[in-house]
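First comes the structure, then the notes that go with it.
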Amino acid sequence: MKVIKPPLPSEDKRWKIVDAKMRRLGYAGHALIETLHTVQESFGYLDKEALSFIARALRVPPSRVYGVATFYNFFSLKPQGVHTCVVCLGTACYVKGASQVLAAIELYSGIKSGETTSDKQLSLLTARCIGACAIGPAVVYDGIVAGHRTPDNAVEKLEGVIGDGA
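The sequence shown runs contiguously to residue 1031 in the working numbering.
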């Protein structure tokens, strides 16, 4: 069966990277998660245009693409900040004080979970579990896990992360 792919959404060279990945995977529906990762790595987030294109290219219902994109915490439907801070709210972290850590970070940053600062420097996210239960409460700063967080040392670390990258 010959695969007929839809035209790329734009001439942006990043779409060619996405298309090459889908081509290597045979434009197969089972490659949905890997394709979403490629788009997010290329563009930083998944917008409606990207989700629609993926659905057409992989021949899967748009509802499935959207469902997968919104089910997993590592996909974002909005542009992210230069830095990301993910507070684990899994059971082990939660009972060790993760909600207080999150509250302190929200107070410091002036944003709530799921938001990005107006200067686009920081996106604050939460996750159900990051698999670091033994060192909870855990926070992921720009992809690096830090354990045994308290409200004070979580904010102090965040200040360092933002300060180092600014």
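Note that beta-carbon positions come from the ideal geometry of N, C-alpha and C, so glycine has one too.
The model shown is predicted, which means the values in this text are computed figures rather than measured ones.
Legend entry - Residue of Val966, Phe918, Asp912 minimising C-alpha distance to Leu942: Asp912
Inset, instruction - My understanding is that Leu987 touches Val933, with C-beta atoms under 8 Å, so please give their C-beta distance in whole angstroms. - result: About 26 Å separates the two Cβ atoms, so there is no contact after all.
Inset, instruction - Please list, in chain order, all residues of the same chain as Gly962 whose beta carbon is under 6 Å from its beta carbon, the five residues on each side excluded. - result: Pro1002
Inset, instruction - Please confirm whether Thr949 and Leu901 have their CB atoms less than 8 Å apart. - result: no
Legend entry - Coil, strand or helix - Ile882 by DSSP: Ile882 carries a helical assignment under DSSP once its states are collapsed to helix, strand and coil.
Inset, instruction - Compare the beta carbon distance of Val1020 and Ile970 with 8 Å and say whether it is the shorter of the two. - result: Contact flag set, yes.
Legend entry - Cβ-based neighbour list, Ile882, same chain, cut-off 6 Å, excluding 5 preceding and 5 following: Ser907
Inset, instruction - Below 7 Å CB to CB, which residues in the same chain sit around Gly946 once its five sequence neighbours on both sides are set aside? - result: Same-chain partners within the cutoff: Thr981, Thr982, Lys985, Gln986, Leu987, Ser988.
Legend entry - With 16 other Cβ atoms within 10 Å as the buried cut-off, status of Thr903: buried
Inset, instruction - Helix, strand or coil for Thr981, going by three-state DSSP, please let me know. - result: Secondary structure at Thr981: strand, using DSSP grouped into helix, strand and coil.
Inset, instruction - Tell whether a beta-carbon distance below 8 Å holds between Gly909 and Pro944. - result: yes
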